[in-house]
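Read the structure below first, then the notes.
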Amino acid sequence: MSQVPIIYIISDSLGETAEFVARAAAIQFSKHPCTIHHISHVRSLTTLEEAVRKAKQEEAIIAFTIVQPELRDYVKKKAIEFDVQTVDVLSPMLEALETAIGAKPDYKVGLLHQLDDDYFRRVSAIEFAVKNDDGRNASASLAQADIILIGVSRTSKTPLSMYLAHKRLKVMNIPLVPEIAPIDELFQLPYRKKIIGLTISSEQLNRIRQERLKSMGLFVEANYANQERILEEILYADSIMRRLGCPVINVSDKAVEETAAWILDYIAKGDILREQMGSSFS
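In our numbering, the protein residues as written are 641 to 922.
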């Protein structure tokens, strides 16, 4: 197994079920964070073989939810051939129900994600998070955002935005950098109510950034991971958050799911945000 455990999520639909199971298991190994890769809407044997080959090269685990028996059996066959560890998330439940009911499954892909209003809201939120990642389109999208995440680089802003998007929340994130002043609109009252700050200990941020530089093949001594630079960034971000008067979450040693749970609870209890978003977060 590689230094950072890698999990490939393979599905003939979105892969959310396999991802949920994988993350639920991975969170029990807090000192060994995992990297998750998605391969969704798989329809061909060629795509599956390529995915298994890549998993072999990266010493990854495969977690898959595939309804079609032909594709499912092919994954298992190739996994044995390439000696790749797999977890078939769906089959045990399908087989148990088949035995209990005495009937064959329909084998229809994507039934869990029928094209209803809820599904389209989720897709819209995911598209919003992608388009408004890392401060892109900030001024133009503030009014449409349900939540605005701010913080220094590597405080889980992007994965948190995507996680909350799957809860149908439109989330944009804006990095705080000493050399770049936040946009003026951020300090206007209608938008300040949407802001949540993310902070982290300097020691953990240093470790995370060093690992990031290593993964990119860069020198860990770069200014990006310099302790003095990190302290400067954190102090600057803290000063902006104090000016905004926004709630702040310390994400040190917190999984994305834990931070997201805090935000969802904050929304559920907070009248201001609830008025803005109606029931979209439920």
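Note that the Cβ used here is the ideal one computed from N, Cα and C, for glycine as well.
Candidates the options: closest to residue i by CA position
i      : options                        : result
GLU659 : HIS672, ILE679, ASN813         : ILE679
ILE814 : GLY791, LYS834, LYS833, ILE820 : GLY791
ILE706 : ASP878, VAL817, PRO732         : PRO732
GLY951 : ILE835, LEU871, GLU897, LEU858 : The requested residue 951 is not part of the displayed model; the chain covers only 641 to 922.
TYR906 : ARG869, ILE889, ALA895         : ILE889
TYR831 : ASN866, ILE787, ARG852         : ILE787
VAL692 : GLU861, ILE702, ILE667         : ILE702
LEU804 : CYS886, LYS771, LEU904, ILE647 : LEU904
LEU711 : SER653, ARG847, ARG849, GLY775 : SER653
GLU689 : LEU845, VAL724, ASN772         : VAL724
ARG869 : SER855, GLU843, LYS894, MET881 : GLU843
PRO822 : LYS716, VAL682, ASP774         : ASP774
LEU782 : VAL811, LEU858, VAL763         : VAL811
SER684 : PHE669, GLU873, TYR714, SER796 : TYR714
Between the CA atoms of residue j and residue i - distance to the nearest angstrom
i      : j      : result
TYR759 : THR657 : 15 Å
VAL661 : VAL729 : 8 Å
GLN708 : ALA765 : 29 Å
LEU737 : VAL727 : 19 Å
PRO645 : SER801 : 23 Å
LEU871 : PHE704 : 42 Å
GLN784 : VAL817 : 24 Å
THR686 : ALA740 : 34 Å
THR899 : VAL891 : 7 Å
ARG883 : VAL749 : 50 Å
LYS694 : ALA665 : 22 Å
ARG761 : GLU861 : 43 Å
TYR876 : GLU699 : 40 Å
MET881 : TYR864 : 21 Å
GLU819 : GLU851 : 24 Å
ILE840 : LYS696 : 35 Å
ILE667 : VAL896 : 9 Å
ASN772 : ALA743 : 46 Å
LEU829 : GLY837 : 16 Å
ARG849 : LYS717 : 39 Å
HIS681 : SER855 : 28 Å
GLN916 : TRP902 : Because GLN916 carries a pLDDT of 46, less than 50, the predicted location of this residue cannot be relied on, and no value is offered for it.
CYS886 : LYS833 : 7 Å
GLU825 : ILE649 : 39 Å
ASP893 : LEU789 : 18 Å
HIS677 : SER779 : 31 Å
SER651 : VAL763 : 17 Å
ARG721 : GLU735 : Note on identity: in this sequence residue 721 is Glu, with Arg being the wrong assignment. The straight-line gap from Cα to Cα measures roughly 24 Å.
Assigned secondary structure, residue i (DSSP; H/G/I helix, E/B strand, else coil)
i      : result
ASN846 : helix
VAL888 : strand
VAL749 : coil
ILE870 : helix
ILE820 : strand
ILE667 : coil
LEU782 : coil
PHE722 : helix
ARG776 : coil
GLN697 : helix
GLU656 : helix
ASP893 : coil
PRO830 : helix
ALA862 : coil
THR795 : coil
is_contact[residue i, chain B] using C-beta, thresh 8 Å
i      : result
LEU845 : The question asks about chain B, but that chain is absent: this structure has only one protein chain.
Residue i - partner residues in DSSP beta bridges
i      : result
SER651 : THR705
ASP728 : PHE704
LEU789 : ASN813, ILE836
THR675 : ILE646
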